Amino acid sequence: MKRASSQSGKSTSAQAASAIRAEERHLMNTYKRPPVLFTRGKGCYLYDSTGRAYLDFLGGIAVNALGHAHPRVVAAIRREASRAIHISNLYHNPYQGPLAAKLAKWSGLDRVFFTNSGTEAIEGAMKLARLHARKAAGSAQHPPHKFLALENSFHGRTFGAVSITSTAKYREPFAPLVPGVEFVRFNDLHDLAVKFDSSVCAIIVETVQGEGGIHRVSEAFYKLARQLATRYGAALIADEIQCGLGRTGRPFAYQKFATAPDLLPDIVTVAKPIAGGLPLGAFLAREEFAQAFSPGIHGTTFGGGPLVCAVALEVLSIIEDEKLMENACERGEEICVGLAEIALRYDPIREIRGEGLMIGVELAHDGAPAVDAALAERLLINCTHDRTLRLLPALNITPRHVAEFLGKMERALIKSLPRPQLAHPPGISPAKSQNVVLPSVVSTPGHRALAAAAHAEKG
Ligand SMILES: Cc1ncc(COP(=O)(O)O)c(C=O)c1O
289 MKRASSQSGK
299 STSAQAASAI
309 RAEERHLMNT
319 YKRPPVLFTR
329 GKGCYLYDST
339 GRAYLDFLGG
349 IAVNALGHAH
359 PRVVAAIRRE
369 ASRAIHISNL
379 YHNPYQGPLA
389 AKLAKWSGLD
399 RVFFTNSGTE
409 AIEGAMKLAR
419 LHARKAAGSA
429 QHPPHKFLAL
439 ENSFHGRTFG
449 AVSITSTAKY
459 REPFAPLVPG
469 VEFVRFNDLH
479 DLAVKFDSSV
489 CAIIVETVQG
499 EGGIHRVSEA
509 FYKLARQLAT
519 RYGAALIADE
529 IQCGLGRTGR
539 PFAYQKFATA
549 PDLLPDIVTV
559 AKPIAGGLPL
569 GAFLAREEFA
579 QAFSPGIHGT
589 TFGGGPLVCA
599 VALEVLSIIE
609 DEKLMENACE
619 RGEEICVGLA
629 EIALRYDPIR
639 EIRGEGLMIG
649 VELAHDGAPA
659 VDAALAERLL
669 INCTHDRTLR
679 LLPALNITPR
689 HVAEFLGKME
699 RALIKSLPRP
709 QLAHPPGISP
719 AKSQNVVLPS
729 VVSTPGHRAL
739 AAAAHAEKG
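For the sequence shown, my numbering gives the first residue as 289, with consecutive numbering after it.
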């Protein structure tokens with residue numbers, strides 16, 4: 289019976305308890321997980337072992353851009369699984385070339401190297417930047433080697449990537465890290481100009497910082513980074529692992545600023561959503577930088593196998609066919625308008641920021657209780673940088689999902705707030721003034737009215 293039930297995909301509470309016990313006993317202690325076992329997903333919902341549905345607004349941390357079990361993704365996996373899952377990078381496969389061509393078209397860059405994860409893409413990007421600088425320096429004794437990264441950045445967990453990640457708790461336990469890294473204050477033009485010199489081989493930027501709490505790099509900062517990188521022959525690396533591939537309503541977040549070819553980054557990293565949840569990443573480069581590589585100098589066993597590349601091609605086609613970048617803008621706007629309404633009623637929302645379907649809600653207090661309360665409402669979100677609730681839903685959510693989210697979010701906030709309070713109880717003026725800062729990308733008349741109301745009533 290047990291065997292039959294697990295084969296049919298159903299699992300009992302006892303099976304869930306036993307799976308969780310086995311994790312507790314045998315997994316390394318790196319994640320704190322709630323006592324829920326998810327056994328399947330469909331569209332924007334995950335289902336636990338008792339069959340209860342949860343609205344998924346975390347999307348596997350920006351991975352499940354098409355939700356769960358999209359029929360075209362499932363069909364591509366089935367088709368390719370019975371052909372060739374892995375061939376090895378020693379041989380051609382039918383999908384790497386077409387996928388590289390598609391990424392080149394989306395990005396404006398020229399060449400691609402496929403990896404298994406975001407952090408591996410970052411490592412490759414760092415190696416390519418160093419190698420390019422070394423080759424360009426010719427016989428110079430001290431070729432440019434330094435990496436500039438931003439405060440509040442997150443680029444991954446391997447040694448190179450964690451070395452350019454600014455958060456102390458991720459870095460310090462593993463010191464000494466890769467030497468030659470300096471951090472620039474976020475959006476600080478002066479600090480950038482002072483720290484950029486001829487020893488720099490690359491500056492790495494998340495156009496919208498994800499783990500750092502959904503913060504957007506300013507146009508002036510991006511353009512100065514571009515200008516200085518060009519002046520010193522260094523690489524401008526755009527880490528689009530979380531913000532890229534449609535999430536902000538554009539193929540790549542940097543395209544907001546890179547409106548001409550000479551404003552493009554030199555190297556771009558992608559991963560998370562690219563293969564619908566299968567592990568695949570990539571770094572892309574302009575021809576001049578890509579030329580630094582030659583056969584044998586860099587490699588990977590798994591990266592870019594035929595199955596994952598076929599699925600990634602399908603994912604990118606679905607994003608185009610279903611007009612999901614447009615949908616990301618529209619639904620993102622609806623979410624921000626709804627959150628602005630909630631913010632009018634509840635003081636602890638300090639700021640709502642983001643672009644498209646990459647949205648952060650900064651609270652005046654620790655966000656963990658709100659995440660727990662949301663789970664109890666069967667809504668999946670997470671909290672980053674202690675106080676920022678992060679929303680990264682699938683790009684194909686509908687207005688119905690947005691309405692369901694807003695209802696659940698408001699209930700979760702009420703339940704979780706230390707002392708829930710109306711922003712302006714009838715007849716009583718607010719005790720303290722606050723500004724709810726709303727994303728500038730959202731600019732409908734309705735939104736403007738709400739934003740104005742929020743400022744008028746709270747300020
Ligand atoms: C911007 C950014 N870069 C790099 C990474 C690392 O990617 P991965 O976890 O696939 O190694 C992440 C993961 O969250 C990320 O958000």
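By construction, the Cβ of each residue, glycine as well, lies at the ideal position given by its N, Cα and C atoms. The model shown is predicted, which means the values in this text are computed figures rather than measured ones.
Item	Value
Pull up the CB-CB distance for E602 and R360, whole angstroms please, since I reckon it's below 8 Å.	6 Å
Relative to the alpha-carbon of L391, which residue among L604, A541, R367 has its alpha-carbon at the smallest distance?	L604
Under 8 Å between the Cβ atoms of I630 and E692?	no
Quick check: the Cα distance between H673 and G500, rounded to an integer number of angstroms?	6 Å
Compute the minimum distance between the beta carbon of F442 and the heavy atoms of ligand 1, and state whether it is under 7 Å.	yes
What residue from K423, A449, S441, G468 has the CA that sits closest to H433's CA?	G468
In this structure, how does DSSP classify I607 when only helix, strand and coil are distinguished?	helix
Considering V661, what are the terminal residues of the beta strand (DSSP E) in which it resides?	Looking at the sequence shown, residue 661 is not Val but Ala. Counting along the chain, A661 falls outside any beta strand (DSSP E), though it belongs to the alpha helix (DSSP H) covering 656-664.
Does the beta-carbon of R519 have 16 or more other beta-carbons within 10 angstroms, so that it is buried, or is it exposed?	exposed
What is the residue span of the alpha helix (DSSP H) that G642 lies within?	Looking at the DSSP string, G642 is not in any alpha helix (DSSP H); the run it does join, the beta strand (DSSP E), is 637-643.
Just to confirm before moving on: does the CB-CB distance between A437 and L477 stay below 8 Å?	no
Using a Cβ-Cβ cut-off of 8 Å (strictly less than) and excluding sequence neighbours within five positions of L668, which residues of its own chain qualify?	L334, Y342, L343, D344, F345, L346, A662
If you measure between the beta carbons of I502 and I452, is that distance less than 8 Å?	no
Does ligand 1 have even one heavy atom less than 7 Å from the beta-carbon of A559?	yes
Cβ of T407 versus every heavy atom of ligand 1: is any distance shorter than 7 Å?	yes
Below 6 Å CB to CB, which residues in the same chain sit around R504 once its five sequence neighbours on both sides are set aside?	V496
Can you tell me where the beta strand (DSSP E) with A357 in it begins and where it stops?	Taken as a continuous stretch (DSSP letters only), A357 belongs to no beta strand (DSSP E), as it is neither H nor E.
With distances taken from CA atoms, which of F442, N381, S486, R371 is nearest A428?	S486
Please tell me whether A246 and L701 are closer than 8 Å, where the distance is taken between their beta carbons.	The requested residue 246 is not part of the displayed model; the chain covers only 289 to 747.
Flag this pair as yes or no: are the beta carbons of P561 and L533 separated by less than 8 Å?	yes
If we call anything under 8 Å between Cβ atoms a contact, is A413 one with I555?	yes
Tell me the DSSP secondary structure of M316 in three-state form.	coil
Going by CA-CA distance only, name the one from A578, L325, C332, A600 that's closest to G339.	L325
Which whole-angstrom value is the C-beta distance of F454 and F435, which I expect to be below 8 Å?	According to the sequence shown, residue 454 is Ser rather than Phe. Wrong, their Cβ atoms sit about 12 Å apart, outside the cutoff.
Just the C-alpha distance for A363 and I606, rounded to the nearest angstrom, thanks.	13 Å
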